[in-house]
Amino acid sequence: MVQVDSKPLSDAQLIQLSSEFEGHPDNAAAAVLGGAVVSWIDRTGDCPNYSAVPLHLHPDIHLFSAIPEERSSTAETRVLLPAQVSHDEARFNISRVALLVVALTQRPDLLMPATEDVLHQPQRAPAMPASAEYLRLLRRHNVAATISGAGPALITMTTEPELPSEAVEYGAAHGFSVTAMTAGDRVRWNPGVAIIG
Numbered sequence: 001m002v003q004v005d006s007k008p009l010s011d012a013q014l015i016q017l018s019s020e021f022e023g024h025p026d027n028a029a030a031a032v033l034g035g036a037v038v039s040w041i042d043r044t045g046d047c048p049n050y051s052a053v054p055l056h057l058h059p060d061i062h063l064f065s066a067i068p069e070e071r072s073s074t075a076e077t078r079v080l081l082p083a084q085v086s087h088d089e090a091r092f093n094i095s096r097v098a099l100l101v102v103a104l105t106q107r108p109d110l111l112m113p114a115t116e117d118v119l120h121q122p123q124r125a126p127a128m129p130a131s132a133e134y135l136r137l138l139r140r141h142n143v144a145a146t147i148s149g150a151g152p153a154l155i156t157m158t159t160e161p162e163l164p165s166e167a168v169e170y171g172a173a174h175g176f177s178v179t180a181m182t183a184g185d186r187v188r189w190n191p192g193v194a195i196i197g
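With full-length UniProt numbering, letter number 50 in the sequence shown gets 50, and the count goes up by one each step, no holes.
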């Protein structure tokens, strides 16, 4: 048990504790810092050290979530991923990750190529056919969309304040709840809270 008395926890402490609890530092750090983050794990010591930095999203970017009725678990979709990937596939996705940082912060016109993927979306598509089809439709309408994490939810990023009407209608007709999102505020940690862990 960790007792927190009168001193607020630092961002680094919050990221460490929440990442240990949640298990996915990308999710935990985004909740702590708000908005988009880049997170990483330092495994040089005895225990993993979780770190993150916030990205300041370009003001022209509008975010939407599309949550389907179908469900899947990370464990179910993880087994669909190959144990090894080719050098070309790794290079492709690494370049897209780097490009995504630029697209989110400076050049939203690069969102479409920055959200291309060859490592997990095609492999996980059989476990979430409705999401895979909606992803294809959104991208055909020039909406940068991607499966969020292990899915089946999607996240879309666009410079338009609304999604194309055809995409919204398709989502509604196929059981998706489409919602505008904001890059949220930081978590506020109140002193005096006891954390059991």
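All C-beta atoms in this analysis are idealised placements derived from N, C-alpha and C, irrespective of residue type, glycine included.
The shortest CA-to-CA distance from Glu166 to any of Thr159, Thr146 and Arg139 is the one to Arg139. A contact is defined here as three or more CB-CB pairs under 8 angstroms, and the stretch 113-131 fails this definition with respect to the stretch 33-53. Across the set Ala125, Ala30 and Val178, the C-alpha of Ala30 shows the shortest separation from the C-alpha of Pro54. Taken through DSSP and simplified to helix, strand or coil, Asn142 comes out as coil.
Secondary structure note for Val37: its beta strand (DSSP E) is the uninterrupted segment Ala36 to Asp42.
By DSSP's assignment, Val53 forms a beta bridge with Val38. With contacts defined by Cβ atoms closer than 8 angstroms, Ser19 and Ala12 do not form a contacting pair. DSSP, read as helix, strand or coil, puts Val118 in coil. Per DSSP, Leu163 lies in no alpha helix (DSSP H) segment and is marked neither H nor E.
Note that the stretch 39-54 does not touch the stretch 64-77; fewer than 3 beta-carbon pairs, one per stretch, sit closer than 8 angstroms.
By the Cβ criterion, the stretch 124-138 is not in contact with the stretch 102-111, since fewer than three pairs of Cβ atoms, one from each stretch, lie closer than 8 angstroms.
Assigned with DSSP and collapsed to three states, Met128 falls in coil, not helix or strand. Residues of the same chain with a CB within less than 7 angstroms of the CB of Gly171, apart from the 5 flanking positions on each side, are Ala66, Tyr134 and Val178 in chain order. With contacts defined as CB atoms closer than 8 angstroms, Leu81 and Gln123 qualify as a contacting pair. The C-alpha of Ala83 is placed about 39 angstroms away from the C-alpha of Glu162. For the options Asp88, Ser72 and Thr156, the alpha carbon positioned closest to that of Met181 is the one of Thr156.
Just so you know, the alpha carbons of Leu99 and Leu63 end up roughly 18 angstroms apart. Residue burial is scored here from C-beta neighbours: Phe21 has fewer than 16 other C-beta atoms within 10 angstroms and is therefore classed as exposed. Between the C-alpha atoms of Thr159 and Tyr50 there is a straight-line separation of about 32 angstroms. Judged by DSSP in its simplified three-state form, Leu63 adopts strand. In this structure, Met128 and Glu69 do not form a Cβ contact; the two beta carbons are roughly 11 angstroms apart against a cut-off of 8 angstroms.
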